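Engineer:
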Amino acid sequence: MYMNKTRRAHRGAAALGLSVAALAAGVTTAAGPAAAGPRTAPAPAPACSAAYRIEQKLSTGTTWRMCWRYEAKSGLVLEDVSYQPPGEPKPIKVLNSAKIAQIHVPYDDGTNEYNDVTDYNFGSGLVNLAPAECPGGTIKTVKVPEAFDPAHPNVKGLCTTTRSRGHAYRMQADTGNKVYQAQGKDLLVYTVNKVGWYEYMTEWRFSDDGTLNMNVGATGSLSPFDYDAGDGRGWPIGKGARSYATSHSHNVFWRLDFGLDGSSKTKVEQYDSKVSAPASGQRGPTAKTTRTAVTKELAGDAATMRWWRVVSTAGKNKDGHARSYEFVPGATTKYSGRPFTKHDLYVTEYNKCEQYASNNPLNCGTGHGKSVEKWVNGQTLTHPVLWVNVGFHHIARDEDQQPMPVHWQGFSLAPRDVTAMNPLTPAALANQNGQVEPR
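Here the sequence shown is numbered in my numbering, starting from 325 and rising by one per residue.
1) With a floor of 3 residues, list each beta strand (DSSP E) that falls wholly inside the region 579-623, ordered by position along the chain.
2) In whole angstroms, give me the CA-to-CA distance for D510 and T486.
3) Between which two residues does the beta strand (DSSP E) harbouring H645 extend?
4) What are the start and end residues of the beta strand (DSSP E) that includes I416?
5) Quick check: what's the CA-CA separation for H731 versus V760?
6) Could you tell me which residues DSSP puts in a beta bridge with K464?
7) What do you reckon, is the C-beta of T484 under 7 Å from a heavy atom of the ligand ADP?
8) Going by DSSP, what residue range makes up the beta strand (DSSP E) through E470?
9) Helix, strand or coil for W521 per DSSP?
10) With DSSP run on the structure shown, which of helix, strand or coil describes L347?
11) Residue range of the beta strand (DSSP E) that F735 falls in?
12) Once the 5 residues before and after W521 are set aside, which same chain residues still bring their CB inside 6 Å of it?
13) Taking all protein chains shown into account, do 16 or more other C-beta atoms lie within 10 angstroms of the C-beta of I561, making it buried, or fewer, making it exposed?
14) Write down the C-beta distance between Q408 and T384 rounded to the nearest angstrom, noting that I regard them as a contact closer than 8 Å.
15) Flag this pair as yes or no: are the beta carbons of R633 and R740 separated by less than 8 Å?
16) So what does DSSP say about S573, is it helix, strand or coil?
17) Can you give the Cα-Cα distance for S600 and A611, rounded to whole angstroms?
18) Among the residues of its own chain, which have a CB less than 6 Å from the CB of T465, if the five just before and after it don't count?
19) From the DSSP output, in three-state form, read off V696 for me.
20) Thinking C-beta only, is S406 closer than 8 Å to K417?
21) Spatial neighbours of F651 within its chain, please: C-beta separation below 6 Å, excluding the five flanking residues on both sides.
22) Drop a sphere of 10 angstroms on the beta-carbon of V714, count the other beta-carbons inside from all chains shown, and report buried for 16 or more, exposed for fewer.
23) Just tell me which of G461, W578, S648 has its CA closest to the CA of K591.
24) Leaving aside the five residues before and after M728 along the sequence, list all residues of the same chain whose C-beta is less than 7 Å from its C-beta, in chain order.
Right under this line is the structure:
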């Protein structure tokens, strides 16, 4: 059993027939800024009140700004996210919105399968954080909609803090002993949500070089009700071979609505490189990279030497190159058991009713699919939305008790031509852009 009976009964009672109008009215959403829709006008600052604003200038000079709101299903939703590195006169808009769109948990023996976000109100399980869990930062109080403890809906559960990540760069000059190096800094925004025996850490990292890292970490406890996998679909836990913890998967989906340079009319491109054996007279193999414009909705799979980027149509860097963000997949174990988990990346045309990757509870009209793979139906992309799927197959081990060490899954968005040079370039190297004299 994955959920305890009290939680299962509570979450099963969650309303599943919400309409788009109800969502827009905030029925399942905490007080805060309205959900982001299509935007084209530049927004130099987050459009939300101070209580729902996160703004952090890192010690290296980069400032991240965003709004937040909280909903019963996805939990934390970040909106109007912008990045302003040193030397840029105004914030660069990156995202209209970002959130967890599903945590799908099927068990290997086929007896249980859960959609933690939509069926069990993932967001309603927000837990209080102790000051030691947010070192050097601030813990914000969140009014949790449909809280599991209705008598205590106000939860001190949103941490914003900064952390060092090690070297941002290091370079030794060609002459002399001069070494250029800098230690990178990140803004960390995170929550912890309890779902049955699991506690999920939803982590958003915003780096001073413009990189965004999205991760979910699972910790807490192995369910003691699932020590029954004696059919070869589990792992012995504890003394001898009595308690077999049932193996299962965690398939996490993120929904990303880009608004680069203040416009939702972004483009998506796919790049593939092919390596060929050396031809006659060549010293080594050759590689050729081709670009494919993604103009229609896409169900994409990561492959060797393949990557995607989202490209701005509204702004360029100081070198005259279109700004973009590159999707950098993390380690994943793709789950083939359901159609919506069979691809790593989905790109769909924006539809305000398409909010959750599976078991979408909103009433989108007769015949409208309930999961993301059904939304890829050939529409031309003018306002693309990205759905990222990262899987983890959890085969338990003795070290998973007690408590369970955090196991992480996630991905990154790396800036590509957002700035004309490394945004952390030291002043002494600021003239070395493109073809320059040797150092």
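Virtual Cβ for every residue (Gly too), placed ideally from N, Cα, C. Since this is a predicted model, take the numbers as computed values, not measurements.
Structural biologist: Answer, in terms of the structure:
1) 591-600, 610-618
2) 5 Å
3) Careful: H645 lies outside any beta strand (DSSP E) and carries neither H nor E.
4) 416-430
5) 45 Å
6) L482
7) Looking for the ligand ADP in the displayed structure turns up nothing, as the structure carries no ligands at all.
8) Premise fails: E470 is in no beta strand (DSSP E) and is neither H nor E.
9) coil
10) Residue placement at L347 is poorly supported in this model, since its pLDDT is 36, which falls under 50; the coordinates still yield a value, given next. Looking at L347 - three-state DSSP - the assignment turns out to be helix.
11) 728-740
12) G544, S545, S547
13) buried
14) Not a contact, Cβ separation roughly 12 Å.
15) yes
16) strand
17) 6 Å
18) N478, K480
19) helix
20) yes
21) W632
22) buried
23) S648
24) T543, G544, S545, L546
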